[in-house]
Ligand code: FES
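Below is the structure:
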């Protein structure tokens, strides 16, 4: 006895199925576009994101920790005045600045840009503008990044385009 099952499909039926699948995918794309327009996911990422950076006791005074915020390299510092956080992508040509404790600065190695660890302001070098500050909060023993302190400023920095 032959246990084979033969499935016969006509060319016309196959064409109808394929057209139906294309129509479903097209309708899904249109629906997704409409939903994305009505509820843009990234309309104001900066106001709703809460990114845990570290536990509060993880970073000693005078120390720093790198993290990512809105897809950009960032740095958390613990200064004698408390925690500070900045985008670490240099406003000059986009290299990543880092904490240099021996000089008490955020330092960009590409062209020797130096930034103030309390404000992000340019101390010396070619960077045209400060590192963007990030609002943070210490909650239940952890430090969280909340949003760019000045989203309009961040939008004005070419290396941060799309991050605000
Ligand atoms: S890229 Fe930072 S100083 Fe030039």
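In my numbering, the protein residues as written are -18 to 145.
Glycine included, each C-beta is placed from N, C-alpha and C at the ideal position.
Check, Outcome
"Proximity of residue 87 and residue 75 at Cβ, strictly below 9 angstroms", "no"
"Neighbour-count burial assignment, residue 34, 16 or more Cβ in a 10 Å radius", "buried"
"Proximal residues to residue 148 (C-beta, below 6 angstroms), its chain only, five neighbours per side dropped", "This structure gives no information on residue 148, because the portion of the chain shown stretches from -18 to 145."
"Spatial neighbours of residue 60 in its chain, beta-carbon cut-off 8 angstroms, leaving aside the 5 residues before and after", "42, 43, 98 and 99"
"Cut-off 6 angstroms between Cβ atoms - residues of its own chain near residue 123, not counting five sequence neighbours on either side", "33 and 36"
"Own chain residues within Cβ distance below 7 angstroms of residue 118, not counting five before or after", "125 and 127"
"Cα-Cα separation, residue 48 to residue 10", "35 angstroms"
"Cβ-based burial, residue 1 [other Cβ within 10 Å; buried from 16]", "exposed"
"Per DSSP, cross-strand counterpart(s) of residue 46", "57"
"Three-state class that DSSP yields for residue -6 in the structure shown", "helix"
"Under 9 angstroms between C-beta atoms of residue 109 and residue 72", "yes"
"Contact test: residue 87 Cβ vs the ligand FES heavy atom, cutoff 8 angstroms", "no"
"Of the listed residues 93, 62 and 50, nearest to residue 144 (C-alpha basis)", "50"
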